[in-house]
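Notes for the one structure printed next.
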Amino acid sequence: MEYDERLARFRQGHANPFDRSEVTDAPRNEVRPELFPSDTKTQSSERPMDLGLAEDHFSRPVGSFVASDIEQLKQTIEECKRLILELPEHSERQKDTVVKLIHLRLKLQELKDPEEDEPNLRVLLEHRFSKEKSKSVKQTCDKCSAIIWGLIQTWYTCTGCYYRCHSKCMNLITKPCVRSKVSHQSEYELNICPEIGLDRQDYRCAECRSPISLRGVPSEARQCDYTGQYYCGSCHWNDAAIVPARVIHNWEFEPRKVCRSSLRYLALMISRPVLKLKEVNPLLFNFVEELVEIRKLRQDILLMKPYFLTCKEAMEARLLLQLQDRQHFVENDDMYSLQDLIDISTGRLSCSLTEIHTVFAKHIKLDCEVRPLLLSPSSGFERITPEFILNLSGLLLFCLVLHFFHVKASCSKIMCLAWSANTLPHRKREEKE
1 MEYDERLARF RQGHANPFDR SEVTDAPRNE VRPELFPSDT KTQSSERPMD
51 LGLAEDHFSR PVGSFVASDI EQLKQTIEEC KRLILELPEH SERQKDTVVK
101 LIHLRLKLQE LKDPEEDEPN LRVLLEHRFS KEKSKSVKQT CDKCSAIIWG
151 LIQTWYTCTG CYYRCHSKCM NLITKPCVRS KVSHQSEYEL NICPEIGLDR
201 QDYRCAECRS PISLRGVPSE ARQCDYTGQY YCGSCHWNDA AIVPARVIHN
251 WEFEPRKVCR SSLRYLALMI SRPVLKLKEV NPLLFNFVEE LVEIRKLRQD
301 ILLMKPYFLT CKEAMEARLL LQLQDRQHFV ENDDMYSLQD LIDISTGRLS
351 CSLTEIHTVF AKHIKLDCEV RPLLLSPSSG FERITPEFIL NLSGLLLFCL
401 VLHFFHVKAS CSKIMCLAWS ANTLPHRKRE EKE
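Quick note: the sequence shown uses UniProt numbering, first residue 1, plus one each step.
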């Protein structure tokens with residue numbers, strides 16, 4: 001008995017100070033109630049997870065947990081996932097645990113990507129990165145291929161080539177902005193899929209230089225149909241685009257798989273008039289009737305352009321601005337953009353250009369004030385017709401307009417040159433026929 005009393009006093013003296021009141025007040029023979037009497041096994045198995053979730057002695061705000069570092073959070077997340085599988089389905093405890101798991105993962109992501117005062121604009125390898133403010137749009141990082149969670153992650157977009165990446169991935173970028181290539185080079189690869197082979201690439205990605213192979217070990221090699229080179233899965237997402245070389249040589253518009261950098265380059269170049277078809281493939285005009293039609297319409301528009309530049313009504317009506325999306329149509333008749341060729345194949349360009357040509361011709365034949373002066377009996381130019389005006393070269397037409405509005409006297413030399421310019425091409429055409 002004396003030994004038992006000593007042992008009891010020793011235990012009482014070394015007990016947990018937080019539980020001392022409960023030990024002294026409660027009878028020795030009374031059994032303390034369990035927290036979850038019906039689920040003792042589950043209670044014991046969830047103790048490691050409860051250390052990070054359930055015990056909250058200091059009343060932390062929602063989302064703050066005892067597990068403060070990344071390794072502890074990962075361990076707690078695994079315990080939480082295991083507990084969700086053990087709990088009964090659709091139970092309240094399972095739902096609460098799922099909510100806690102979501103908070104844990106958000107906390108882990110915050111620790112991986114700590115919020116800092118990131119600059120709004122960063123320049124790297126000719127990229128001009130602008131900090132994005134969108135929190136709801138889900139994007140994919142062009143560097144690590146992971147999803148960008150705008151709600152909790154800082155991300156940037158290049159204003160030149162629209163390259164998107166996490167803030168943490170910016171220092172890993174090795175590819176310069178393709179906008180600089182468009183500005184300096186401004187030309188296409190006109191050979192169809194110019195393959196050089198993996199051995200010439202040293203079995204490495206053409207962009208990031210990571211090891212690749214056709215067997216997929218360590219990474220699958222994916223060929224870009226535009227450059228002909230091989231890329232890894234991070235630099236080649238199997239995006240499809242129309243390849244200019246196949247359009248020019250085969251008149252083929254089927255999208256082909258290209259790498260990410262080629263996709264951005266083709267998107268920036270699609271409206272640039274850098275294709276001179278009569279030099280690259282002049283035989284294309286013999287097989288594509290739409291090209292011949294478009295070329296004739298463009299030649300007529302170029303003949304009408306000087307007339308509009310000297311006509312006050314045409315300038316006020318801004319007729320030439322109807323071609324502002326294709327400015328090269330009022331500068332030359334032999335340069336095409338890739339978008340022009342795509343619209344020609346679908347018939348869209350032929351319809352729109354025919355309408356513009358009709359508006360231009362209507363102004364010259366019916367609406368313009370210069371035409372009645374040219375066709376008046378007192379002018380001495382009774383043989384001038386609307387077709388004659390359309391066939392005049394720009395310089396001669398400009399001289400005629402100046403003649404009527406400023407000189408107001410007959411000029412047989414100008415008329416002779418104009419008449420020769422109008423009739424000589426027809427005579428040559430008749431001789432050839």
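Just so it is clear, CB atoms sit at the ideal spot from N, CA and C, and this is done for glycine as well.
Check, Outcome
"When S167, L341, I70, T76 are compared against V243, the one with the closest alpha-carbon", "L341"
"For S213, three-class secondary structure by DSSP", "strand"
"Nearest-angstrom Cα separation, counted from L319 out to C177", "37 Å"
"S130, enclosing beta strand (DSSP E) - first and last residue", "127 to 131"
"Closest residue to E355 among R298, K100, L190 (Cα-Cα distance)", "R298"
"Length of the line joining the Cα atoms of L104 and K181", "45 Å"
"Buried/exposed call for C224, threshold 16 Cβ in 10 Å", "buried"
"K168 (DSSP reduced to helix, strand or coil)", "coil"
"Three-state class that DSSP yields for I148 in the structure shown", "strand"
"Three-pair Cβ contact test at 8 Å for the region 328 to 344 versus the region 255 to 265", "no"
"Three-pair Cβ contact test at 8 Å for the region 150 to 168 versus the region 203 to 221", "no"
"Span separating the alpha-carbon of C141 from that of R272", "28 Å"
"Within 8 Å, strictly: CB atoms of I344 and L291", "yes"
"Contact set for L125: own chain, Cβ-Cβ below 8 Å, skip 5 residues either direction", "I173, T174, K175, P176, C177"
"Pair within 8 Å by beta-carbon distance, H357 and I301", "yes"
"Buried/exposed call for F287, threshold 16 Cβ in 10 Å", "exposed"
"Among I294, E187, R122, the one whose alpha carbon lies nearest that of C351", "I294"
"C-beta atoms of I270 and L190 nearer than 8 Å", "no"
"L198 beta carbon less than 8 Å from that of Y230", "yes"
"Test item: CB-CB of Q94 and I84 under 8 Å", "yes"
"Span separating the alpha-carbon of L284 from that of I248", "8 Å"
"Beta-bridge partners of residue 438, as assigned by DSSP", "Missing from the structure shown is residue 438; the chain here goes from 1 to 433 and no further."
"Limits of the unbroken alpha helix (DSSP H) element including L124", "Run containing L124: none in the alpha helix (DSSP H); it sits in the beta strand (DSSP E), 121 to 124."
"Short Cβ contact (8 Å threshold) for E220 with V274", "no"
"Proximity below 8 Å, CB of Y156 to CB of C165", "yes"
"For D202, three-class secondary structure by DSSP", "coil"
"7 Å CB neighbourhood of Q201 in its chain, flanking five on each side removed", "Q229, Y230"
"Under the three-state DSSP convention, the category K138 falls into", "coil"
"Within 8 Å, strictly: CB atoms of C161 and L268", "yes"
"Per-residue burial, residue 442 [other beta carbons within 10 Å of its own, 16 or more giving buried]", "Past the boundaries of the shown model lies residue 442; the chain is included only from 1 to 433, so the question cannot be answered."
"K131 beta carbon less than 8 Å from that of T154", "yes"
"Assigned secondary structure, Y265 (DSSP; H/G/I helix, E/B strand, else coil)", "helix"
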